[in-house]
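By our numbering, the letter at position 107 of the sequence shown is numbered 130, and the numbering carries on one by one without gaps.
All C-beta atoms in this analysis are idealised placements derived from N, C-alpha and C, irrespective of residue type, glycine included.
Before any comments, here is the structure.
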Amino acid sequence: MITGGAGFIGTNFAYHMAGKGYGLTVLDKLTYAGGKDNLEPLISSNKVRFINGDICDTAAVKSALEGVDAVVHFAAESHNTRSETDPDLFYRTNVEGTRVMLEEALTLGVEKFIHISTDEVYGSIVDGYFAEGDKLLGDSQATSAYSKSKSQADDLAMEFGKSSPVIVLRPTNNFGPWQYPEKALPRWISNIILGSKIPLWGEGLQVRDWLYAPLTAECLEFLLLKGETGNAYNVAANHSPEITNRQAAEWICEMLGVDKEEWIQYIPDPRPNHDFRYALNVDKITKLGFKPSIDPYNQFKSTVEWYVKNEAWWKKRKEEAESIYK
Ligand SMILES: NC(=O)c1ccc[n+]([C@@H]2O[C@H](COP(=O)([O-])OP(=O)(O)OC[C@H]3O[C@@H](n4cnc5c(N)ncnc54)[C@H](O)[C@@H]3O)[C@@H](O)[C@H]2O)c1
């Protein structure tokens, strides 16, 4: 079962797993971020059994879990900016929903439960890298309602993992196809296609360890097969040199054939406590045998090409996505 399988990373994972011949159930509430259209080819070819339901609804979760042997739990409210105005929704979905999923799935005896956490549970780091053991109990390292709720959900999953087959994955910022255009990369790409500038916060020197979503999908299949339960794993690209937001925006300008000097607009950072740099140590998952194929320029290029080709997909989402920045 993939919870949140109609969202960005969940959709990438569903295509990856369907391609490998796994039988899949997707449980998704279809919030603004979920698109059943993402999965239509998989649903119509019976590769995905789709259930429209809420992870906070115990009865719906129980019934959806029938016949499921493993759960990969993505479902969440995922956008930092939105969490500033509606933190309660983030706590309900991300903490309470995760508790319901863990309790119901483990009571029914699923063989593996992978909870998708985030690098944001560690907070920002000036130099060096966070390893798995650096996460403190509670949410004191996290800085937004989103990351604090994810931090509490991470603790819950780790607690269940002491006696049940639970794994926690903490990925860095993902990018790729099907990402809702509220998020930086699809927002910038779609802005330029529509003739608007890229709004870069501050001086654009923030560092995100951009990880291509199809690689996160590969990582999750790897963990379903080889991951040791009761453990948390970091996954990241560890780019060298690191990629600042300015560099990412300049690549996008170059790939879309526009002048970066003209198309990037520097604006005061609208987010209080905006984390400056995320960086993860990936020794643990590397030792277990997972080595993603990192090629940021070409992975950015494939992503830009996807948004150019799939204009209809993001155009129907763009107005709602932009409304949160007004
Ligand atoms: N996108 C990233 O860069 C990134 C990085 C690290 C971790 N993560 C984590 O990965 C997961 C997926 O992120 P994403 O970017 O694909 O998110 P997304 O916002 O694109 O998708 C979330 C999905 O969850 C569904 N959903 C929301 N509330 C639900 C509920 N109550 N019941 C059932 N379904 C519900 C939505 O409809 C949507 O399909 C999240 O847990 C997020 O915290 C994301």
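With a threshold of 7 angstroms on Cβ separation, who are the neighbours of residue i within its own chain once the five nearest residues in sequence on each side are excluded?
i, result
"GLU343", "TYR55"
"MET40", "LEU47 and GLU244"
"TYR289", "LEU223, GLU226 and GLY227"
"THR81", "VAL123 and GLU127"
"GLY58", "ALA29"
"ASP157", "TYR145"
Between residue i and residue j, which are expected to be in contact by the criterion C-beta below 8 angstroms, what is the C-beta distance as a whole number of angstroms?
i, j, result
"ASP292", "TRP336", "The Cβ separation is near 29 angstroms, so there is no contact."
"TYR256", "ILE190", "7 angstroms"
"TYR330", "PRO237", "Actually they are not in contact, since the Cβ atoms of TYR330 and PRO237 sit about 15 angstroms apart, beyond 8 angstroms."
"GLN229", "PHE299", "5 angstroms"
"LEU88", "MET24", "7 angstroms"
"PHE97", "GLY44", "The Cβ separation is near 21 angstroms, so there is no contact."
"VAL49", "PHE31", "Not a contact, Cβ separation roughly 13 angstroms."
Regarding residue i and ligand 1, is the C-beta to nearest heavy atom distance less than 8 angstroms?
i, result
"PRO319", "no"
"ASN268", "no"
"CYS276", "no"
"GLN175", "no"
"GLY218", "no"
"GLU143", "yes"
"GLN393", "The requested residue 393 is not part of the displayed model; the chain covers only 24 to 349."
"TYR114", "no"
"PHE73", "no"
"GLU100", "yes"
"CYS242", "no"
"ALA29", "yes"
"GLN164", "no"
"LEU311", "no"
"PRO110", "no"
"ASN196", "yes"
"SER213", "no"
"GLN202", "yes"
"LEU53", "yes"
"ALA56", "yes"
"PHE136", "no"
"ILE78", "yes"
"LEU50", "yes"
"THR419", "This structure does not reach residue 419, given that the chain is present from 24 up to 349, and the question cannot be answered."
"SER346", "no"
"SER316", "no"
"ASN117", "yes"
"ASP341", "The sequence as given places Lys at residue 341; Asp does not occur at that position. No; taking the cut-off as 8 angstroms, the Cβ of LYS341 has no heavy atom of ligand 1 nearer than that."
"LYS206", "yes"
"SER140", "yes"
"ILE290", "no"
"ILE32", "yes"
Residues in the same chain with beta-carbon distance under 6 angstroms from residue i, minus the five sequence neighbours each way, listed in chain order, please.
i, result
"ASN304", "TYR152 and ALA154"
"ALA176", "ASN117, VAL118 and THR121"
"ALA180", "HIS138, VAL189 and VAL191"
"PHE198", "LEU208, TRP233 and THR326"
"SER350", "For the chain, the structure presents residues 24 to 349; residue 350 sits outside this window and is missing."
"LYS52", "ASP77"
"ASN196", "ARG231 and TRP233"
"GLU201", "Here residue 201 is Trp; the residue named in the question, Glu, does not match the sequence. Same-chain partners within the cutoff: PHE31, THR34 and ASN61."
Identify, in the order they occur along the chain, each residue of the same chain with its Cβ nearer than 8 angstroms to the Cβ of residue i, setting aside the five sequence neighbours on each side.
i, result
"ASN254", "GLU155, GLY184, ILE190, VAL191 and LYS307"
"ILE275", "LEU208, TRP211, ILE212, ILE215, ILE221, PHE323 and VAL327"
"GLY161", "SER174, GLN175 and ASP178"
"LEU65", "ALA37, TYR38, ALA41, LEU47 and VAL71"
"LYS283", "ALA272, GLU273, CYS276 and GLU277"
Assess, as a yes-or-no matter, whether the region 101 to 111 is touched by the region 144 to 157 under the definition of 3 or more beta carbon pairs within less than 8 angstroms.
-> no
Given 8 angstroms, three or more beta-carbon pairs between the region 86 to 96 and the region 129 to 139 | yes
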